[in-house]
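Residue numbers (our numbering): 26 to 275. Note that the Cβ used here is the ideal one computed from N, Cα and C, for glycine as well. Take a look at the structure below.
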């Protein structure tokens, strides 16, 4: 690491290499419009950085881009970006994020352990990677767009404040423990969904109303089971209607 606190990058710059500004004392940085490639870990582990401005030349947010930058509260993602890489914004102080309608994939653990309070997944996104929004204690609302087909394992697990979830009408697969330990009250599984993975909604802290889509075929082991704690009773759903097409209940 270095003691550098600020830097002005030239407008003709096109590439920022791997770990170029990792573990510095930078407080802010503006990426010029001509930059079209960001390296892995390029701004990671900067404990003081609070502002990052990205230019419109970027089409991919790389692996661990600003990983472990706890002072970073918000960042713009240009509408030229189509891929948010694995671990790219994990362990930051992000409280808000605007995912543009150009993004088609959200990588593994990309927003894990951040301060996000709400997430809107645009219709352009096809895949939400595993653990992508894992351990977000302040997350209250999630709206998943109609382009999403796969929700990865643990993607919204342990988001204990999550009350409001809207699933898009093209979701086919909900992965292992994807929404385990949340506070969703009213859950509607769309007709497009054919598989709910094991432990997908495990330990639903406040679930009262559950509607399963008519094309559901597989409900994984422990999908809606409750964690047993001696001496405690958690009120939850009292009835459920299983669709006719269900072939397997774990």
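- Short of 6 Å from the beta carbon of residue 113, and not among the five residues preceding or following it, lie these beta carbons of its own chain, in chain order: 86, 90, 135.
- Annotation: residue 59 to residue 39 spans about 5 Å, alpha carbon to alpha carbon.
- Shown here for residue 167: same chain residues with a beta carbon closer than 6 Å to its own, the five before and five after excluded, namely 144, 190 in chain order.
- In the structure shown, the three-state DSSP call for residue 128 is coil.
- The beta-carbon distance between residue 187 and residue 218, rounded to whole angstroms, is 18 Å. This is too long to meet the 8 Å contact definition.
- With 16 or more other CB atoms across the displayed protein chains lying within 10 angstroms of its CB, residue 92 is buried.
- Leaving aside the five residues that flank residue 104 on each side, the residues in its chain whose CB is nearer than 6 Å to its CB run, in chain order, 125, 127.
- Looking at the DSSP output, residue 63 bridges to 41.
- Just measuring C-alpha positions, the residue of 141, 237, 64, 248 sitting nearest residue 97 is 141.
- For residue 234, the enclosing beta strand (DSSP E) has its first and last residue at 234-236.
- For residue 31, the number of other beta carbons within 10 angstroms of its own is below 16, and it is reported as exposed.
- For residue 216, same chain residues with a beta-carbon under 6 Å away, outside a window of 5 residues either side, are 238, 239, 240 in chain order.
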